[in-house]
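What follows is a short report on a single structure.
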Amino acid sequence: HTAALREAYNACVGAVYATDWCEVGNVIGNQSWLASGFRASRRRPRIQQLLPPPADDDGAFVRAEARTSRLVQVDFSVARTLEHHEVAERAVHSCLDDISMLSRHRLDRRMDESGNEEQRILRLGDAFTVAGADAPSHLRAWWWDDTASSDPYRGFAVGYALSVCSGAGIFRILGALIQDLPADAHAEVEAVADALELVSRPEHQALIQHWQRAPSPVLRAVAIELGGRRLGKPPELEPLALCQWLVDPNPCVVVSALRGLARAQHIPPELAPAVEQLLLGGVSGRVSFEAARCLALCGSAAPYLVLRSDGRLLDAIGERALELLLWFGDLNDAGLFSHILQSRPPTAYTLECAALFGIPESYAYLLHALEQEDLEDDAANALQVLLGPIHEDLAKIPSAWKRHLRQLNLQSGVRYRWGRPWQPSCLTSEVQRAELSRRGLGMRLDELCVRLGGIAVPSLSDWDDVLKPALGDLLSGLGNVGSKLRPGDYYCHTRQRHGTPSSASPTGLTPKPAGVSSARI
716 HTAALREAYN ACVGAVYATD WCEVGNVIGN QSWLASGFRA SRRRPRIQQL LPPPADDDGA
776 FVRAEARTSR LVQVDFSVAR TLEHHEVAER AVHSCLDDIS MLSRHRLDRR MDESGNEEQR
836 ILRLGDAFTV AGADAPSHLR AWWWDDTASS DPYRGFAVGY ALSVCSGAGI FRILGALIQD
896 LPADAHAEVE AVADALELVS RPEHQALIQH WQRAPSPVLR AVAIELGGRR LGKPPELEPL
956 ALCQWLVDPN PCVVVSALRG LARAQHIPPE LAPAVEQLLL GGVSGRVSFE AARCLALCGS
1016 AAPYLVLRSD GRLLDAIGER ALELLLWFGD LNDAGLFSHI LQSRPPTAYT LECAALFGIP
1076 ESYAYLLHAL EQEDLEDDAA NALQVLLGPI HEDLAKIPSA WKRHLRQLNL QSGVRYRWGR
1136 PWQPSCLTSE VQRAELSRRG LGMRLDELCV RLGGIAVPSL SDWDDVLKPA LGDLLSGLGN
1196 VGSKLRPGDY YCHTRQRHGT PSSASPTGLT PKPAGVSSAR I
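Okay, structure coming up:
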């Protein structure tokens, strides 16, 4: 029934969709490469024309050098000579593979490495444009390759590579490639929107309006995601438009609308009941979590109350309920936090959440994971976030962490980060250590937005030279905010503003030194 509903809904939405909106891009095939005005991208991508490679390279594939000039002798009577289109195809596929990899590294690796990764993405985009007029055809072959991985960041690669090519017809190609993705392709939607956002083009506004009427839910989701990132008051977040997006039966469309509302940190009052209904609406677990995140960032304590009182939300979002407790919870929620951790195998995500919650007794859970070979790196990082750094040669030795814990003399009932009582300015220290990824930074900023009552957060998908100054301005203000809070406290502005008491007992966590032998979360 759900599949039939989605098919009928998509057909109705796309009844007036004109697939020929984008004209075919003009590809120049008889012009000199250098005479076309090609210039390499520097700080931002340049929109380039699709041209053949330089004519000077024409003979390089068949030219036989003098024997004395070659260290390796090639028998041209046996070796197969590559044709131009084969060389171009291999070059395009290599560019796309690398862009896909770098876009993932840009989010998951240390932030001090993202500048270098972005420079490589710029160069690879230039390389794609000079691969020849057949580059889009080679891109299609790469996208539809059945042997390729299902990495969602392949969407970033095709979105970025096509965006740096001149011609409006490029977006028609992109739409044809991604329109058949499944209705729950959330990661692909975000990746494509990230790529389009990084390349400024005047066609974006018309593209957004066009794709919002597409029968493909993925195209609608990308349009809403990209449109919701615009400054000011995007029309995608107006109540009339949201009434349509929030009842869409396709999860990716609903998620894009919720993410836009969370980014704006405002829900129109008449739509608040509809968003709250999505918490337990049963559309998907991802929709339930994004609804909870949207409500939390917009100043509502409803997700916390529902999590404490209705087990259906925990069943729907699973381990991501840990994030809700990071936003709202205190020591009285330690029992629920422990239940979520112990009811599923440890992962890198649960280890990070356990460290961020900041209870000293949780170190036993982290030490247990440290003994598992596939989790030892993640467990060592989590222990460092909770207890502070030790010598890197000892980071994977449990006894070293026990000695370190005795030296710290931590107190139960106090929240810790990097071995010190938590306060908002702890984020400044983490950023200065340059060991934080953009994804990890996003988790911490979400928590600060909820606990401190809404702060202006920079776009984490922006270029590195834009993100760092904006992040610096944010961090400089956290010190003033933190000076008004007691270090180590679980203060939450949203919960206190709504007068939301904790309903559980402190589960035996009394203010006393955290012992090594009896440590349990």
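The sequence shown begins at 716 in this note's numbering and counts up by one.
For each residue, glycine too, the CB sits at the ideal point set by N, CA and C.
In whole angstroms, what is the alpha-carbon distance linking residue 1199 and residue 1174?
-> Here the alpha carbons of residue 1174 and residue 1199 stand approximately 27 Å from one another.
Per DSSP, the bridge partner or partners of residue 825 = For residue 825, which the question treats as bridged, DSSP gives the partners 1152.
If you draw a straight line from the C-alpha of residue 1085 to the C-alpha of residue 982, how long is it?
-> Rounded to whole angstroms, the gap between the alpha carbons of residue 1085 and residue 982 is 42 Å.
Residues sharing a beta bridge with residue 1136, DSSP = Beta-bridge analysis with DSSP links residue 1136 to 1131.
Look at residue 1208 and residue 1167 and say whether their C-beta atoms are less than 7 Å apart.
-> Result yes, Cβ atoms of residue 1208 and residue 1167 sit closer than 7 Å.
What are the boundary residues of the alpha helix (DSSP H) that includes residue 1209?
-> Element bounds for residue 1209: 1208-1212.
On a CA-only basis, which of 843, 834, 787 and 820 is nearest residue 673? Give me that one, please.
-> No statement about residue 673 is possible, as the shown extent of the chain runs from 716 to 1236 and does not include it.
Is it true that the region 880-887 meets the region 940-955, where meeting means three or more beta-carbon pairs spaced less than 8 Å apart?
-> They do not touch, by the three-pair rule.
Find out if the Cβ-Cβ distance for the pair residue 867, residue 903 is shorter than 7 Å.
-> Cβ distance < 7 Å, so residue 867 and residue 903 count as in contact.
Beta-carbon contacts of residue 1075 that lie in its chain and below 7 Å, excluding the five residues immediately before and after | Non-local beta-carbon contacts of residue 1075 in its own chain, meaning distances under 7 Å to residues more than five positions away in sequence, involve 1125, 1127, 1131 and 1229 in chain order.
Give the C-beta separation of residue 995 and residue 1027 to the nearest angstrom, bearing in mind that I take them to be a contact with Cβ-Cβ under 8 Å.
-> About 5 Å; that satisfies the 8 Å criterion.
Take the Cβ of residue 962 as the centre, count every other Cβ of all protein chains shown within 10 Å, and call the residue buried at 16 or more, exposed below.
-> Exposed, since its Cβ has fewer than 16 Cβ neighbours within 10 Å.
In angstroms with no decimal places, state the Cα-to-Cα distance between residue 924 and residue 765.
-> Using only the alpha carbons, I get a separation of about 26 Å.
Does the pairing of the region 1065-1084 with the region 1100-1109 give three or more beta-carbon distances under 8 Å?
-> These segments touch.
Who are the near neighbours of residue 1035 in its chain, counting only those whose CB is closer than 6 Å to its CB and skipping five residues on each side?
-> Cβ neighbours of residue 1035 within its own chain (closer than 6 Å, five residues either side excluded): 1004.
Spatially closest choice to residue 1044 from 998, 972 and 1162, by CA coordinates = Ranking 998, 972 and 1162 by Cα distance to residue 1044 puts 1162 first.
Is it true that the region 886-904 meets the region 830-848, where meeting means three or more beta-carbon pairs spaced less than 8 Å apart?
-> The region 886-904, when compared against the region 830-848, does not touch it at the 8 Å Cβ threshold.
Following the continuous alpha helix (DSSP H) through residue 1114, name the residue where it begins and the one where it ends.
-> Unbroken alpha helix (DSSP H) run through residue 1114: 1113-1123.
Other residues of its chain near residue 989: CB distance less than 6 Å, five sequence neighbours each side excluded = So the list reads 961, once near-sequence residues are dropped.
Residue nearest to residue 999 in terms of C-alpha spacing, selected from 1182, 900 and 1140 | For the set 1182, 900 and 1140, the Cα lying nearest the Cα of residue 999 is the one of 900.
Candidates 907, 1081 and 1112: closest to residue 701 by CA position = Past the boundaries of the shown model lies residue 701; the chain is included only from 716 to 1236, so the question cannot be answered.
Assigned secondary structure, residue 927 (DSSP; H/G/I helix, E/B strand, else coil) = Looking at residue 927 - three-state DSSP - the assignment turns out to be coil, as it is neither helix nor strand.
Close-in-space but distant-in-sequence residues of the same chain around residue 869 (CB under 6 Å, 5 per side omitted) = Around residue 869: 815.
Same chain, Cβ closer than 7 Å to residue 888, neighbours up to 5 away in sequence not counted = The answer, listed in chain order, is 851 and 877.
Considering only C-alpha positions, which residue in the set 1109, 1179, 1160 and 1117 is nearest to residue 1170?
-> Selected option, being the one with the closest Cα: 1160.
Is the closest heavy atom of the ligand COA to the C-beta of residue 1174 under 6 Å?
-> The ligand COA is not part of the structure shown, which contains no ligands of any sort.
Along the chain, where does the alpha helix (DSSP H) that runs through residue 1005 open and close?
-> Per DSSP, the unbroken alpha helix (DSSP H) holding residue 1005 starts and ends at 1000-1012.
Indicate the three-state DSSP secondary structure (helix, strand or coil) for residue 894 in the structure shown.
-> Residue state for residue 894 is assigned as coil, using DSSP reduced to three classes.
Buried versus exposed call for residue 674 [16 or more other C-beta atoms within 10 Å across all chains shown] | A query on residue 674 cannot be resolved here, the shown segment of the chain reaching from 716 to 1236 and no further.
CB contact below 7 Å: residue 895 versus chain C = Chain labels in this structure do not include chain C; a single protein chain is all it has.
Member of 911, 905, 917 and 955 whose CA lies at the smallest distance from the CA of residue 936 | Ranking 911, 905, 917 and 955 by Cα distance to residue 936 puts 905 first.
Which word fits residue 847, buried or exposed, when buried means at least 16 other C-beta atoms lie within 10 angstroms of its C-beta?
-> With 16 or more Cβ atoms within 10 Å of its Cβ, residue 847 is classed as buried.
Distance, Cα to Cα, residue 1146 vs residue 1186?
-> Between residue 1146 and residue 1186, the C-alpha separation is close to 9 Å.
To which residues does DSSP link residue 880 through a beta bridge?
-> BP columns for residue 880 point to 763.
Mark residue 760 as exposed unless 16 or more other C-beta atoms lie within 10 angstroms of its C-beta, in which case mark it buried.
-> Buried is the call here.
Of all the options 1021, 1088 and 1120, which has the alpha carbon lying nearest to the alpha carbon of residue 1098?
-> Comparing C-alpha distances from residue 1098 to each of 1021, 1088 and 1120 shows the shortest one belongs to 1120.
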